Amino acid sequence: MTADLVLKNGWIVTPEETVKGGVAIANGKFVAIGTDDSLPPAKEVIDVKGGHILPGLIDAHVHFRDPGVTYKEDFGTGSTAAVCGGITTIIDMPNQIPPTENAEQVAVKKGIGEAKSLCDFAVLGVVHQTNADDILPMAKAGAIGYKIFFGETIGNLPFPDDGMCIEVFSNITKSQVPLCVHAENRQIQHYWTNKLKAEGKNAPIYWEQSRPALCEAESIAHVMFMAENFGTKLHIVHASTKQAVQMLKNAKRRGLRFTGETQPHYLLRVASDMADVGPLLKMNPPVRTKEHQDALWEGLLDGSIDMLATDHSPHTLEEKGCDINGKMSKPVIWDCISGFCGVETAVPLMLTQVNKGRMSLNHYVKVASENPARVWQMYPKKGAIALGSDGDVTVVDMDKEMTIDPNKLHSKNKPTPWGGWKVKGVPIYSIVRGHVQMRDGEPVGKVIGQMQLPILS
Ligand code: DOR
Ligand code: ZN
């Protein structure tokens, strides 16, 4: 047999072990994994020169803004940034215009992704007050899951009230795909925002106080109560608090199918950084104190937090209310929009933490590839270097150093709080089903994205 692509002279990293060798891919699937001399001949052979061969990394939380908000980002630029950052599959959020709120809009997203994406992708449907009857049709149309925005955030999507939740949770459970939630309590965020404004506390440093830890924690407790009653698979996106970690830990101990993700910014930045970085670091929910950061690290290492994702959410600098260095152009933090780029910077940022000894590379592969694939029911098609799995690979050079340059990001708009950060550990190839989509940080592939469907047992 002749394979399409062989990667050799590397270290294959799985959650369990690191072994010397390479992989062969044919017709988009892994067909051989082992020592270099055991691999079949191939049309193309890449010597990865001692690099680490990881299962294709997954970013389960990005906002590619397509359709309707494409002046910020689109599926082409977003997926280019993804593969340049070492990501081979993304899950796209539903808060664009129109939102992904019915089967027809799931089909629209599928069409856009297939027409523009350099990486594979999956799509979430939003659930709100008036689309309970669209829940099952969205899953039928291929949605990988659902999202409810309990917090007020970009897109201003209404959330189902408590009465309606009884209807929507029951429908979501029937669909067998998970529900993810943006958990922030709107009453708490309104009360504290108004109070800070009334006191004239308008600087970036007050952003965290406008959405304090209990704003997130109360909302998580509420949604867990509903999800437990209905047996719903629940995923907490962008967990930012120690309370989130504790509640996920307790839920898992009790055998509930509740999962969570956190982001590099919650692991590497704290609320006081807002003073220097300004609106570039403004995000919902906000970055918090070291106490919360420590709890998130502990949760990521002990399995309470299942995965890393980015919440990649680009906006124009004008909307951000600052220049590329964070210097404010708007007088008050309230008028600066929340969200920033992340999909291209997360892998080097976290590999740097691996190099610093905060986490093994094996555990990184678990939280950045295997677990996202499992939680979103794409495993073992995605998230595994295994015979028959999709031939998705991220090759990383753990010795390569780089300084993050905002102007070199591939997104349409490039607000980032990571400008100037020195990283060690960089993705050098992104391979999607055997197609080389990125080499040395630059896009080299074609549009090949396929929408991923949940694998239901
Ligand atoms: O700050 C945020 N921005 N948080 C979100 O949850 C949404 C995101 C966006 O879409 O810009
Ligand atoms: Zn988000």
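For the sequence shown, the positions run 368 to 824 when the numbering used here is used.
Ideal Cβ placement from N, Cα and C applies to all residues, glycine included.
It should be emphasised that the depicted structure is a prediction, and the values quoted were computed from it without experimental measurement.
Less than 7 Å between the beta carbons of residue i and residue j, yes or no?
i, j, result
"Met-818", "Gly-509", "yes"
"Lys-657", "Val-637", "yes"
"Thr-369", "Gly-388", "no"
"His-682", "Val-710", "no"
"Asn-651", "Ser-705", "yes"
"Phe-536", "Met-614", "no"
"Asn-538", "Ala-499", "yes"
"Gly-377", "Val-436", "no"
"Ile-515", "Val-490", "no"
"Ala-642", "Ile-691", "no"
"Cys-825", "Lys-697", "Missing from the structure shown is residue 825; the chain here goes from 368 to 824 and no further."
"Asp-640", "Leu-648", "yes"
"Glu-411", "Leu-374", "no"
"Thr-626", "Val-742", "yes"
"Pro-646", "Gly-688", "yes"
"Thr-447", "Leu-485", "yes"
Got a sec: does the ligand ZN put a non-hydrogen atom nearer than 6 Å to the Cβ of residue i?
i, result
"Asp-673", "no"
"Met-614", "no"
"Met-460", "yes"
When the Cα of residue i is compared with those of the options, which residue comes out closest?
i, options, result
"Asp-772", "Ile-587, Val-699 and Lys-789", "Lys-789"
"Val-612", "Ala-594, Glu-595 and Leu-581", "Leu-581"
"Pro-407", "Val-415, Lys-562, Val-398 and Ile-413", "Val-398"
"Ser-778", "Pro-422, Ala-489 and Gly-452", "Gly-452"
"Met-726", "Gly-377, Pro-382 and Trp-378", "Pro-382"
"Ile-454", "Ala-735, Thr-444, Leu-754 and Asp-433", "Ala-735"
"Ile-458", "Met-531, Pro-527, Asn-774 and Lys-749", "Lys-749"
"Gly-530", "His-549, Thr-497 and Ile-521", "Thr-497"
"Gly-598", "Gln-543, Lys-649 and Leu-716", "Gln-543"
"Pro-747", "Leu-820, Ile-672 and Gly-518", "Leu-820"
"Val-654", "Lys-616, Lys-687, Pro-631 and Ala-588", "Pro-631"
"Ala-588", "Ile-413, Asn-552, Tyr-558 and Pro-715", "Asn-552"
"Asn-617", "Glu-685, Ile-479, Val-742 and Met-591", "Met-591"
"His-430", "Phe-707, Glu-809, Trp-743 and Gly-724", "Phe-707"
"His-428", "Ile-420, Ile-413 and Gly-445", "Gly-445"
"Thr-560", "Ile-700, Asp-673, Thr-770 and Pro-782", "Ile-700"
"Thr-629", "Gly-480, Asp-371 and Asp-673", "Asp-673"
"Gly-666", "Val-793, His-730 and Leu-776", "His-730"
"Thr-677", "Leu-635, Gly-480 and Asn-774", "Leu-635"
"Ile-420", "Ala-409, Thr-385 and Ser-405", "Thr-385"
By Cβ distance below 8 Å, which residues in the same chain neighbour residue i in space, the five residues on each side in sequence not counted?
i, result
"Arg-800", "Ile-392, Gly-395, Lys-396, Asp-487, Asp-757, Gly-758, Asp-759, Ile-815 and Gln-817"
"Ile-555", "Arg-578, Pro-579, Leu-581, Cys-582 and Glu-585"
"Lys-568", "Gln-576"
What does a CB cutoff of less than 7 Å around residue i pick up in its chain, not counting 5 residues either side in sequence?
i, result
"Gly-492", "Pro-461, Thr-467, Glu-468, Val-473, Met-505, Ala-510 and Tyr-513"
"Gly-323", "Since the displayed the chain opens at 368 and closes at 824, residue 323 lies outside it and no answer follows."
"Val-803", "Tyr-796, Val-811 and Gly-812"
"Arg-432", "Lys-439, Glu-440, Asp-441 and Gln-463"
"Ile-822", "Gln-744, Met-745 and Lys-748"
"Glu-809", "Cys-451"
With a threshold of 6 Å (Cβ to nearest heavy atom), would residue i be considered close to the ligand MG?
i, result
"Asp-678", "Absence of the ligand MG from the depicted structure is noted, with the ligand DOR and the ligand ZN being the only ligands included."
With a threshold of 6 Å on Cβ separation, who are the neighbours of residue i within its own chain once the five nearest residues in sequence on each side are excluded?
i, result
"Leu-728", "Val-380 and Val-721"
"Lys-600", "Pro-545 and Arg-624"
"Leu-675", "Val-734 and Ala-735"
"Lys-791", "Thr-719, Asn-722 and Glu-768"
"Arg-443", "Note that residue 443 is Gly in the sequence shown here, rather than Arg. Lys-483, listed in sequence order."
May I ask you to check if the CB of residue i is nearer than 6 Å to at least one heavy atom of the ligand DOR?
i, result
"Ile-521", "yes"
"His-777", "no"
"Gly-706", "yes"
"His-549", "yes"
"Met-650", "yes"
"His-602", "no"
"His-428", "no"
Please look up how many angstroms separate the CB atoms of residue i and residue j, rounded, as I've assumed it's under 8 Å.
i, j, result
"Ile-313", "Ala-713", "Residue 313 is absent from the structure shown; the chain starts at 368 and stops at 824."
"Lys-503", "Lys-477", "The identity of residue 503 in the sequence shown is Leu, whereas the question assumes Lys. About 17 Å separates the two Cβ atoms, so there is no contact after all."
"Leu-668", "Tyr-633", "Incorrect: roughly 14 Å between the Cβ atoms, too far for contact."
"Met-805", "Val-450", "4 Å"
"Val-644", "Pro-784", "5 Å"
"Pro-527", "Glu-737", "Between Glu-737 and Pro-527 the Cβ distance is about 32 Å, and since that is not below 8 Å, they are no contact."
"Cys-547", "His-602", "4 Å"
"His-549", "Lys-609", "Actually they do not touch by this definition, with Cβ atoms about 19 Å apart."
"Ile-752", "Ile-400", "6 Å"
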